[in-house]
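The working numbering puts the first residue of the sequence shown at 27, with every later residue one more than the last. The C-beta atom is built at its ideal place from N, Cα and C for all residues, glycine as well. A short worksheet on the structure shown next.
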Amino acid sequence: MKKSLLVTLAGFGIFTAASFALADTIEIQVNNTMSEGGSESAAVERFSEYLEEQAPGRFDVRPFLAGSLGGEDSVLELLNLGQTQISLTGGNWRQQYAPEYDAITVPFLFTTWDQVDGYLESPSGQTMVEQAEQRGGLKFLGLQHRGPRHMTANKEIHTPEDLEGFRLRLPSLPIWLRVWEEIGAQVVNVPAPEIYLAMQTGQVDGHENSLSSPYTRRLWEVQDYLIMTSHVQFPWSWVASSRWWEGLSEEDQTLIQEAVDVAREYGNEQERELDDYYLEALQEEGMTVIEPDTEAFREAAMPAIDEVLSEMADGVREDAISANSAQ
């Protein structure tokens, strides 16, 4: 009778949560290079909350923020080896494992998230994901939005002609260097911690990044203008170790993917709110916002964009153009 009752209750799904609780706890390290307080840590926290809501005690989520397990490249290697589980990572995985399909990194190519999503869903975007799994041992779980990248400057910038003699700090990403040099900037590589000093001493005239950069670095003290170029939609990506992922049950995989999707949407909302806050706060601190002629910048960049795309795999240019037409 007792056995019959248990079977009946299980048939109605009453023991679903209990079955999770009775199984061994699964530890999930979630890595990110940003410090706590941004949309990234908020998304990681929501990921943990959702798993606990759906399966109490089944998962032990341990955030490793501010690069505490190393930079993006180091964490990618740990994922490949199966020595950590999940990372909310930047674009290094695309450049390391599938650079010939990485149109997302090209400045002034995609101007909206719909376009980025469209490219990711294209044959080239899906091949990029497959290459990352084959070459890097990564299971791709989805994109999370970051604020668009803009410029700061110590003078007004409205058109590419205003960049003549302008020393622009850039990360050492070859695609970005080629495009900005084509537009007319003199690119300078300065380590991120030295950006403020480089501006203060006149080593550089400006930089590009999302609005969190001038806000957290107090760049209003050494820069007067925000140039709203929105030249790169540069997403975070949720990726997991394929070795670890393949060892999970299908039920656990489904729940973790659900948690990632919930976390991504929450992170997107938080990022939009923070971006609005940063823009208002920077203006309150005295920075002047300029809406430049972005189409003129794009036209000036097009020779380099065409050259970069021509060096990528067959089909990338066509898929990028198709995604670019998305509204």
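The C-beta distance from residue 134 to residue 331 rounds to 7 Å, short enough to fall under 8 Å. Here DSSP, grouped into helix, strand and coil, assigns residue 62 to coil. Per DSSP, residue 195 is one residue of the beta strand (DSSP E) stretching across 193 to 195. In terms of Cα proximity to residue 219, the closest of 201, 212 and 196 is 196. As for any beta strand (DSSP E) of minimum length 3 sitting wholly inside the region 141 to 221, the runs are 164 to 170, 175 to 179, 193 to 195 and 212 to 214, ordered along the chain. Taking each of 321, 97, 126 and 341 in turn and checking the Cα distance to residue 116, the smallest one comes out for 97. Where residue 52 is concerned, the enclosing beta strand (DSSP E) starts and stops at 52 to 57. Burial is judged here by how many other beta carbons sit within 10 angstroms of a residue's own beta carbon; residue 240 has at least 16 and is buried. Annotated three-state conformation of residue 232 is strand, per DSSP. For residue 268, the enclosing alpha helix (DSSP H) stretches over residues 268 to 272.
Taking all protein chains in view, the Cβ of residue 63 is surrounded by fewer than 16 other Cβ atoms within 10 Å, so the residue is classified as exposed. The alpha helix (DSSP H) runs of length 4 or more contained entirely in the region 303 to 353 are, from start to end of the chain, 320 to 336 and 342 to 350. Counting other Cβ atoms within 10 Å of its Cβ, residue 82 stays below 16 and is therefore classed as exposed. An exposed status is given to residue 184, since fewer than 16 other beta-carbon atoms sit within 10 Å of its beta-carbon.
For residue 85, the pairing in a beta bridge is given by DSSP as 52.
With the rule of 3 Cβ pairs closer than 8 Å, the region 303 to 318 counts as touching the region 248 to 258. Residue nearest to residue 329 within the set 303, 109 and 204 is 204 (criterion: CA-CA distance). Judged by their CB atoms, residue 297 and residue 144 are not nearer to each other than the 7 Å cut-off. Classified as exposed, residue 92 has fewer than 16 neighbouring CB atoms from the shown chains inside 10 Å of its CB. In the three-state reduction of the DSSP assignment, residue 94 falls in the coil class, being assigned neither a helical nor a strand state. Residue 264 is a Cβ neighbour of residue 286, given a cutoff of 7 Å.
The residue among 342, 347 and 350 with its C-alpha nearest the C-alpha of residue 153 is 342. For a cut-off of 8 Å, the C-beta gap from residue 237 to residue 211 is around 20 Å, too long to register as a contact.
In the three-state reduction of the DSSP assignment, residue 223 falls in the helix class, which pools H, G and I. Around the beta-carbon of residue 249, 16 or more other beta-carbon atoms lie within 10 Å, marking it buried. In the structure shown, residue 238 falls within a helical segment according to DSSP collapsed to helix, strand and coil.
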